[in-house]
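*Asks:* Each residue of the sequence shown is one higher than the one before, starting from 103 at the first, in our numbering.
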Amino acid sequence: MTSDAVARDVAPFAMTIGGEPVATEQTFGVINPATGEVFAESPDCTAEQLDLAVDAATQAFRQWSRDEDRRRRAVLACADVIEAHAEQLAALRTREQGMVLKDSLRFARRWPARIRDFATIPIPVEVVQDDDVARVELRRRPLGVVAAIAPWNFPVLLAMAKVVNALIAGNTVVLKPSPYTPLTTLRIGELLCDVLPPGVLNVVAGGDDLGSLLTHHPGVSKISFTGSVEAGLQVAAAAAKDLKRVTLELGGNDAAIVLDDVDVDRVTDALIDQITFNCGQVCIAVKRVYVHEHVYPALVEALAERAGSLRLGDGMDPDTDMGPLCNAMQVERVTELVDDAKAAGGQAVTGGQRPARPGYFYPATIVTNVSDGVRLVDEEQFGPVLPVMPFADVEDAVRRANATTYGLGGSVWSADTARATEVASQLECGVAWVNRHTRTDYRVPMGGWKSSGIGVERGVQGLD
Ligand code: NAD
Numbered sequence: 103m104t105s106d107a108v109a110r111d112v113a114p115f116a117m118t119i120g121g122e123p124v125a126t127e128q129t130f131g132v133i134n135p136a137t138g139e140v141f142a143e144s145p146d147c148t149a150e151q152l153d154l155a156v157d158a159a160t161q162a163f164r165q166w167s168r169d170e171d172r173r174r175r176a177v178l179a180c181a182d183v184i185e186a187h188a189e190q191l192a193a194l195r196t197r198e199q200g201m202v203l204k205d206s207l208r209f210a211r212r213w214p215a216r217i218r219d220f221a222t223i224p225i226p227v228e229v230v231q232d233d234d235v236a237r238v239e240l241r242r243r244p245l246g247v248v249a250a251i252a253p254w255n256f257p258v259l260l261a262m263a264k265v266v267n268a269l270i271a272g273n274t275v276v277l278k279p280s281p282y283t284p285l286t287t288l289r290i291g292e293l294l295c296d297v298l299p300p301g302v303l304n305v306v307a308g309g310d311d312l313g314s315l316l317t318h319h320p321g322v323s324k325i326s327f328t329g330s331v332e333a334g335l336q337v338a339a340a341a342a343k344d345l346k347r348v349t350l351e352l353g354g355n356d357a358a359i360v361l362d363d364v365d366v367d368r369v370t371d372a373l374i375d376q377i378t379f380n381c382g383q384v385c386i387a388v389k390r391v392y393v394h395e396h397v398y399p400a401l402v403e404a405l406a407e408r409a410g411s412l413r414l415g416d417g418m419d420p421d422t423d424m425g426p427l428c429n430a431m432q433v434e435r436v437t438e439l440v441d442d443a444k445a446a447g448g449q450a451v452t453g454g455q456r457p458a459r460p461g462y463f464y465p466a467t468i469v470t471n472v473s474d475g476v477r478l479v480d481e482e483q484f485g486p487v488l489p490v491m492p493f494a495d496v497e498d499a500v501r502r503a504n505a506t507t508y509g510l511g512g513s514v515w516s517a518d519t520a521r522a523t524e525v526a527s528q529l530e531c532g533v534a535w536v537n538r539h540t541r542t543d544y545r546v547p548m549g550g551w552k553s554s555g556i557g558v559e560r561g562v563q564g565l566d
């Protein structure tokens, strides 16, 4: 599908408020990261329209919260509609976010199954006492209007996880996508107008200021936020003012610890996937690697060779292995961190230089000769760059992996699963994997430790 077809097929983009498409006089440009140029306009929500959206969600809550079976049927119908439009949504996501189309399509085709899985998770009534004195039941009740605020790296997956959690539990939603990637979410809002009762899901678009207005809104009972730690702290402060419930899914700096007995080819494939899939812009991607010194030289060589052979290009082009980063801010941040590492003595054994072409491209980059204390190792790069560091002693690797304010994910790689599991159990993070990283679905609860978040989303724990 060409960019014209994508734009013509869905433009002009409207917000969804009270079950109706709503346009605005004010708009902002959405940039195609492959060209660096504006390719469509997004509506820009005013404060008055935000009030209308919260009011609509408040009105809809009364009926919506009462009938669990009806909610589940409606959410299953949402999955059907999204499935019927998967190709259009995938192409739109590639245009606005950069992910290569084959991955966008794979994801778009997976959303419906994930929504269906989630829609069938029961909301249990727990009996906490049942004896001669009393019978006491623990019943989970919906809260009211949930403000769902999403980032740009997985605009639909993360937003829909919030929406489906909230809707199944009986809440209504005002959803705000990132200003970098509003279009796919707006389109889903339009499509679901015909499926959900008016006001149950409202989609508004705008910048960080709109997010702030939403988190301060007195009509909102709960905030479900995914984004950076910096913004998460502001969201938590806004929620504290009137004790709104809050779930925060924030940044990470996941470590992978590679033990001395691994199959180097297998680990190479997996680590290359970590930096190329969505250009490394994944909250739970490997962002630093500690490798036992026995396998370190072989792994670095294999990583450099594989990373160096990848073709950069527009995500819509089927020959592309890795698309652009999502936005100018992100490619500048990655460039800054790699340059800082080089200035500190680090060596980019492949990549390490922004190509001279339009768009927000950065090559897959492997950096050696760096250690803890260098920004590329200590901070979240959120891009296709991996610092790879040797270790001699596993305890030392675990200590270094844990010496961070982040605690989102981590992994341990070994031919001996029991040994790897034991090491993984020492990682201070929300999800620790053995011989894999990143994979999860809506049935599995996700949450961060330390600055990486509060609360969990997905799974029965997400409903709680
Ligand atoms: P961001 O924090 O800049 O923005 C996220 C969303 O919050 C956007 O919609 C933005 O407009 C809004 N926002 C910004 N400031 C706000 C404020 N003060 N009040 C309310 N809303 C505000 O994050 P980003 O750059 O879009 O996303 C990248 C970050 O998200 C990375 O740190 C990544 O690790 C993190 N992330 C975490 C998870 C997770 O599950 N833990 C998943 C994906 C991304």
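We treat Cβ as the ideally placed atom computed from N, Cα and C, and that holds for glycine.
Just so you know, these numbers come straight off a predicted model, no measurement behind them.
Can you give the beta carbon distance from CYS381 to GLY200, rounded, assuming they're within the 8 Å contact cut?
*Replies:* Between GLY200 and CYS381 the Cβ distance is about 7 Å, and since that is below 8 Å, they are a contact.
*Asks:* Based on Cα-Cα distance, which residue from VAL546, TYR464, ASN355 and ASP416 lies nearest to SER513?
*Replies:* It is ASN355 whose Cα lies nearest to the Cα of SER513.
*Asks:* Please name the residue, chosen from PRO281, THR328, SER314 and PHE163, that lies closest to ILE270 on a Cα-to-Cα basis.
*Replies:* For the residues PRO281, THR328, SER314 and PHE163, the minimum Cα distance to ILE270 belongs to PHE163.
*Asks:* Secondary structure at ASN237, three-state DSSP: helix, strand or coil?
*Replies:* Residue identity differs from the one stated: residue 237 is Arg in this sequence, not Asn. ARG237 falls in the strand class under three-state DSSP.
*Asks:* Have a look at GLY549 and THR222 and give me their C-alpha separation to the nearest angstrom.
*Replies:* Rounded to whole angstroms, GLY549 to THR222 spans 21 Å at the Cα level.
*Asks:* Can you tell me the Cβ-Cβ gap for ILE359 and VAL472, rounded? I've got them flagged as a contact below 8 Å.
*Replies:* With 8 Å as the limit, ILE359 and VAL472 do not qualify as a contact, their Cβ atoms being about 17 Å apart.
*Asks:* In or out: PHE115 buried (at least 16 other Cβ within 10 Å) or exposed?
*Replies:* Label assigned to PHE115: buried.
*Asks:* Do you know how far the Cα of ARG216 is from the Cα of LEU288?
*Replies:* Rounded to the nearest angstrom, the two C-alpha atoms are 20 Å apart.
*Asks:* Determine the direct distance from the alpha carbon of ALA342 to that of TRP535, and round the result to whole angstroms.
*Replies:* If you take the alpha carbons of TRP535 and ALA342, they lie about 33 Å apart.
*Asks:* Distance check for GLU228 and LYS389, CA to CA, integer angstroms please.
*Replies:* Taking the straight line from one Cα to the other gives about 40 Å.
*Asks:* My output table needs one value for LYS204: the three-state DSSP class, helix, strand or coil.
*Replies:* The answer is helix: DSSP assigns LYS204 an H, G or I state.
*Asks:* Helix, strand or coil for PRO214? Go by DSSP, reduced to three states.
*Replies:* PRO214: helix per DSSP, three-state reduction.
*Asks:* Taking the beta strand (DSSP E) that THR328 belongs to, which residues open and close that run?
*Replies:* Note, THR328: beta strand (DSSP E), 324-328.
*Asks:* Just tell me which of ASP234, VAL132, ILE119 and LEU245 has its CA closest to the CA of TRP166.
*Replies:* The residue with the shortest Cα to Cα distance from TRP166 is LEU245.
*Asks:* Could you give the residue range of the beta strand (DSSP E) that holds ILE386?
*Replies:* Taken as a continuous stretch (DSSP letters only), ILE386 belongs to no beta strand (DSSP E), as it is neither H nor E.
*Asks:* Can you find the residues in the same chain that come closer than 7 Å, C-beta to C-beta, to LEU46, ignoring five residues on each side of it along the sequence?
*Replies:* Because the chain here runs from 103 to 566, residue 46 falls outside it and cannot be looked at.
*Asks:* Compute every distance between the C-beta of GLY561 and the non-hydrogen atoms of the ligand NAD, then say whether any falls below 7 Å.
*Replies:* GLY561 Cβ: outside cutoff for every heavy atom of the ligand NAD.
*Asks:* Would you kindly work out how many angstroms separate the C-alpha atoms of GLY308 and ALA430, rounded to a whole number?
*Replies:* Approximately 18 Å, taken between the alpha carbons.
*Asks:* Should LEU335 go down as buried or exposed, given a rule of 16 or more other Cβ atoms within 10 Å for buried?
*Replies:* Result: exposed.
*Asks:* State the beta-bridge partners of PHE493 as determined by DSSP.
*Replies:* In the DSSP output, where bridge partners are listed per residue, PHE493 has HIS394.
*Asks:* With distance defined between alpha-carbon atoms, name the residue in TYR392, SER326 and LEU401 nearest to GLU351.
*Replies:* With distances taken between Cα atoms, GLU351 lies closest to SER326.
*Asks:* Please tell me whether, using a cut-off of 7 Å, the distance from the CB of MET117 to the nearest non-hydrogen atom of the ligand NAD is below it.
*Replies:* Incorrect: MET117 has no Cβ contact closer than 7 Å to the ligand NAD.
*Asks:* Hey, VAL132 and PRO226 are a contact pair by Cβ (cut 8 Å); roughly how many whole angstroms apart?
*Replies:* Going by Cβ atoms, the distance from VAL132 to PRO226 rounds to 42 Å, so no, they are not a contact pair.
*Asks:* So is the beta-carbon of SER411 under 7 Å away from any non-hydrogen atom of the ligand NAD?
*Replies:* False, no ligand heavy atom lies under 7 Å from that Cβ.
*Asks:* By Cβ distance, which residues of its chain are closer than 8 Å to ASP421, with the 5 residues on each side in sequence left out?
*Replies:* Within the same chain, ASP421 has close Cβ partners ARG413 and GLY415.
*Asks:* To the nearest angstrom, how far is the alpha carbon of ILE556 from that of GLY564?
*Replies:* Their Cα atoms are separated by approximately 12 Å.
*Asks:* Identify the residues that DSSP records as bridge partners of TRP515: which are they?
*Replies:* Answer is VAL360.
*Asks:* Check for me: the beta strand (DSSP E) holding SER144 runs from which residue to which?
*Replies:* That run of the beta strand (DSSP E) goes 139-145.
*Asks:* In angstroms with no decimal places, state the Cα-to-Cα distance between ARG477 and ASP169.
*Replies:* If I take the Cα positions, the gap works out to 51 Å.
*Asks:* Closer than 6 Å by C-beta to THR452: which residues in its own chain qualify, once you throw out the five before and the five after it? Chain order, please.
*Replies:* The answer, listed in chain order, is ALA406, ALA409, GLY410 and ILE468.
*Asks:* To test your reading of the DSSP string, which unbroken beta strand (DSSP E) runs of 3 or more residues are found completely within the region 525-566?
*Replies:* Listed in chain order, the complete beta strand (DSSP E) runs (minimum 3 residues) inside the region 525-566 are 533-536.
*Asks:* So, with DSSP's three-state summary, where would you put GLN231?
*Replies:* Correct three-state label for GLN231: strand.
*Asks:* Let me check understanding here. Comparing Cα to Cα, which of PRO320, SER314 and PRO257 lies closest to GLY291?
*Replies:* It is PRO257 whose Cα lies nearest to the Cα of GLY291.
*Asks:* Measuring straight from C-alpha to C-alpha, what distance separates SER105 and PRO214?
*Replies:* Low local confidence applies: a pLDDT of 48 at SER105 is under 50, so the model's placement there is unreliable, with the coordinate-based value given in what follows. Roughly 24 Å separates the two Cα atoms.
*Asks:* To the nearest whole angstrom, what separates the beta carbons of VAL558 and MET491, a pair I think is in contact under 8 Å?
*Replies:* At roughly 30 Å, the Cβ-Cβ gap does not stay under 8 Å, so VAL558 and MET491 are not in contact.
*Asks:* Could you check if ASP310 belongs to the surroundings of the ligand NAD, using beta carbon to heavy atom distance under 7 Å?
*Replies:* Answer for ASP310: yes, Cβ within range of the ligand NAD.
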